[in-house]
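A.B. asks: Please see the structure below; I have some questions.
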Amino acid sequence: MFEQFGNLVAFGLLRLSAESAAGAAVQFFVMDVAKIFVLLVIVIYLMGLLRALLSPEKVREFVRGRPDWQARSFAVTLGAVTPFCSCSSVPLFIGFVEAGIPLGVTFSFLIASPMINEVAAVILVGILGWKLAALYVGAGLLVAWFGGIVMQTFKPERWVEEYVWKIQMGQADLPEPDRSFAGRHRYAVAEIREIVGRIW
28 MFEQFGNLVA FGLLRLSAES AAGAAVQFFV MDVAKIFVLL VIVIYLMGLL RALLSPEKVR
88 EFVRGRPDWQ ARSFAVTLGA VTPFCSCSSV PLFIGFVEAG IPLGVTFSFL IASPMINEVA
148 AVILVGILGW KLAALYVGAG LLVAWFGGIV MQTFKPERWV EEYVWKIQMG QADLPEPDRS
208 FAGRHRYAVA EIREIVGRIW
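See the structure below:
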């Protein structure tokens, strides 16, 4: 499909020769741009649906009370697939502290969240192939996993201010986000417009 679209633009609309370097270059460029665009739309839409469903509070409750290795695995995985904006990092950190989750696990989540980006992974698949994209994701997961372990060896709890341990995360009086499929669809479409608009 994408190859046919590239042929249509390069050889049909622009009337370039299929034997020329310019024709081959334009055909390849159009084909790859179309492929990356479609992949981006699909992945951003699916991630948007997931982000609209999950919240930092749900992540915290999901990780709470699990064994260290299991909590770290969940934290890294959730950090990879549900990157939250920077404005939620501090509340999420405080929520993890309040829940008694080890700071090493918290750091694993916070490292994975910005490091593994699904948009970058899609672009890598389109440009360099799935093997390098898998290497990028795998390296990010490993760095987040072992980064949290390294942070844990420093016993970072001793550097946390005393008042942080005493914070009780109350229920903020905020409007409940629309968790219906229509609401999540609107959020996902808005994500597509914002991210694709920034790229193009």
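Be aware that the sequence shown starts at 28, since it is given in this note's numbering, and climbs by one per residue.
Cβ atoms here follow ideal geometry from the backbone N, Cα and C, with glycine treated the same way.
What's the C-alpha gap between V216 and F181?
C.D. replies: Distance between the alpha carbons of V216 and F181 is about 42 angstroms.
A.B. asks: Just checking, does the region 49-59 make contact with the region 135-145 on the three C-beta pairs under 8 angstroms criterion?
C.D. replies: Touching, no.
A.B. asks: What does the alpha-carbon distance come out to for the pair T133 and A147?
C.D. replies: Approximately 24 angstroms between the Cα atoms of the pair.
A.B. asks: Assign A161 to one of three DSSP states: helix, strand, or coil.
C.D. replies: Of the three classes helix, strand and coil, the one that applies to A161 here is helix, per DSSP.
A.B. asks: Please classify I128: does DSSP put it in a helix, a strand, or coil?
C.D. replies: Looking at I128 - three-state DSSP - the assignment turns out to be coil, as it is neither helix nor strand.
A.B. asks: In terms of residues, what are the limits of the alpha helix (DSSP H) holding E188?
C.D. replies: Neither: E188 is in no alpha helix (DSSP H) and is coded neither H nor E.
A.B. asks: Using C-beta distances below 6 angstroms, list every residue in its chain close to F32, excluding the 5 sequence neighbours before and after it, in chain order.
C.D. replies: Excluding positions up to five away in sequence, the list reads A61.
A.B. asks: Roughly how many angstroms lie between the CA atoms of F173 and G167, to the nearest whole one?
C.D. replies: Computed Cα separation, rounded: 10 angstroms.
A.B. asks: Would you decide whether G165 is buried or exposed? Buried here means 16 or more other CB atoms lie within 10 Å of its CB.
C.D. replies: Exposed is the call here.
A.B. asks: So, helix, strand or coil for F56, using DSSP?
C.D. replies: Three-state DSSP puts F56 in a helix.
A.B. asks: Output the distance between the C-alpha atoms of E221 and I143, rounded to the nearest integer angstrom.
C.D. replies: Computed Cα separation, rounded: 19 angstroms.
A.B. asks: Which class does A107 belong to by DSSP, given the choice of helix, strand or coil?
C.D. replies: Helix.
A.B. asks: Span of the alpha helix (DSSP H) holding I150?
C.D. replies: Segment E145 to L155, the alpha helix (DSSP H) holding I150.
A.B. asks: What's the gap between the Cα of A79 and the Cα of E46?
C.D. replies: Each residue's alpha carbon lies about 48 angstroms from the other.
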